[in-house]
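Peer 1: Residue numbers (UniProt numbering): 1 to 166.
Using N, Cα and C, we set each Cβ at its ideal position, and we do this for glycine too.
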């Protein structure tokens, strides 16, 4: 981010969160995690840190046209996800966000050489064990499994996890 981008980012965040932010914001908090933690701790009273509201009846500043009643109640019986750092459930994900865990990592030159690809970004968000896929369990032949997008394989794995745990 260049100096103009840093100024524009600070102004946009100040307007969005109705805060006075220091001119050195981007230098004081150089990662998304550090910046998010600073904004969170600046806006939310310290006594409420760590308190988690899930699915409030009404979100502040938002309304819903759908009336909430017992006859229309929805029960969520299972949620599954997969994030870097071994996070595979909602509870661990919320804890990671509250701790300000940074999911992006700087890639080593052995794995990824940005100069070969024309420079640019050296960071990535990498899922653990992306190559671990049991094609036989899904009755997918090896050739098709190799050709599948890794996102498709993850979708199958996570969907199976939901179905077997609900």
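#1: DSSP on residue 83, reduced to helix/strand/coil?
#2: Could you check if residue 27 is buried or exposed, using at least 16 other CB atoms within 10 Å of its CB as the buried criterion?
#3: For residue 33, which residues in the same chain have their Cβ closer than 7 angstroms to its Cβ, ignoring the five residues on either side in sequence?
#4: Extract the residue ranges of the beta strand (DSSP E) inside the segment 92-150, only unbroken runs of 3 or more that lie entirely within it.
#5: What are the start and end residues of the alpha helix (DSSP H) that includes residue 7?
#6: For the putative contact between residue 3 and residue 19, defined by C-beta atoms under 8 angstroms, what is the C-beta separation to the nearest angstrom?
#7: In this structure, does DSSP put residue 29 in helix, strand or coil?
#8: Pick helix, strand or coil for residue 156, following the three-state DSSP scheme.
#9: Taking the alpha-carbon positions, what's the residue 156 to residue 143 distance?
#10: If the criterion is Cβ atoms closer than 8 angstroms, does the pair residue 84 and residue 125 meet it?
Peer 2: Result, derived from the coordinates:
#1: Looking up residue 83 in the chain shown gives position 83. Strand, per DSSP.
#2: Position 27 of the chain shown, counted from the first residue, corresponds to residue 27. Its Cβ having fewer than 16 others within 10 Å, residue 27 is exposed.
#3: Looking up residue 33 in the chain shown gives position 33. Excluding positions up to five away in sequence, the list reads 100, 101 and 102.
#4: none
#5: Translated into positions along the chain shown, residue 7 becomes position 7. Counted as a single uninterrupted DSSP element, the alpha helix (DSSP H) harbouring residue 7 occupies residues 3-17.
#6: Residue mapping note: residue 3 aligns to position 3 of the chain shown, counting from 1. Residue mapping note: residue 19 aligns to position 19 of the chain shown, counting from 1. 21 angstroms between Cβ atoms; not a contact.
#7: Within the chain shown, numbered from 1, the residue matching residue 29 stands at position 29. Residue state, collapsed to three classes: coil.
#8: Here residue 156 is taken as the residue at index 156 of the chain shown, counted from 1. DSSP places residue 156 within a helical segment (H, G or I) once states are collapsed to three.
#9: As a first step, residue 156 must be located in the chain shown, where it is residue number 156. As a first step, residue 143 must be located in the chain shown, where it is residue number 143. Taking the straight line from one Cα to the other gives about 17 angstroms.
#10: Residue numbering aside, residue 84 sits at position 84 when the chain shown is read from its first letter. Residue numbering aside, residue 125 sits at position 125 when the chain shown is read from its first letter. Result yes, Cβ atoms of residue 84 and residue 125 sit closer than 8 angstroms.
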